[in-house]
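Everything on this sheet refers to the single structure shown next.
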Amino acid sequence: MIKITDKSISPEEVINEAKTSGSGCVVTYVGLIRDNSHEKQVLSVEYTDADGKAEAGLRKIADEILKKFSVNSVAICHRVGKLKVGDINFVVAIGAAHRGEGFAASQYAVDRFKESLPTLKIETYCDGSVHKA
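Residue numbers 13 to 145, in my numbering, belong to the letters of the sequence shown in order.
Here is the structure:
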């Protein structure tokens, strides 16, 4: 499962996509919209996929993980649209035979996502200012 959605993300659904009969674990990361960023109070965060390439960006990360780590499966889901504090924006689930590879692959997925952010991110702060990334 590699998915861009404008709907709420169910971590359990993403976990279920990553489960395999050979997996001894599913290591999961759930990203949330936090209430502060750049020393400002966050009102909302909006992610957009204007060029329609975000899913391909997630798929590239998943392919890298499958080549680099000994894992059984990778499921990644990223939410687009306007999100409020506490909303889930990103879920990674890695099915692996052993936890060590699962944790390493999960961290790699999150780090690559942050480096290559496949969507445009616009943070709006309570003071009315905006930050684009």
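Built from N, CA and C at the ideal position, the CB exists for glycine as well. Just so you know, these numbers come straight off a predicted model, no measurement behind them.
- Rounded to the nearest whole angstrom, the CA to CA distance from aspartate 18 to arginine 91 is 5 Å.
- Judged by DSSP in its simplified three-state form, arginine 46 adopts coil rather than helix or strand.
- When rounded, the separation of the alpha-carbon atoms in alanine 121 and valine 104 is 7 Å.
- Note that the C-beta distance between leucine 78 and threonine 136 is not below 8 Å.
- Under DSSP, isoleucine 100 shares a beta bridge with Leu44.
- CA-CA distance, glycine 34 to glycine 107, rounds to 8 Å.
- Taking methionine 13 as the centre and dropping the five residues before and after it, the same chain places the C-beta of Glu29, Ala87 closer than 6 Å to its C-beta, in chain order.
- In this structure, the straight-line span from the alpha carbon of lysine 94 to that of valine 39 is close to 27 Å.
- In the three-state reduction of the DSSP assignment, serine 33 falls in the coil class.
- The beta carbons of isoleucine 21 and isoleucine 100 sit closer together than 8 Å.
- Cβ neighbours of aspartate 61 within its own chain (closer than 7 Å, five residues either side excluded): Ile16, Val92, Thr131.
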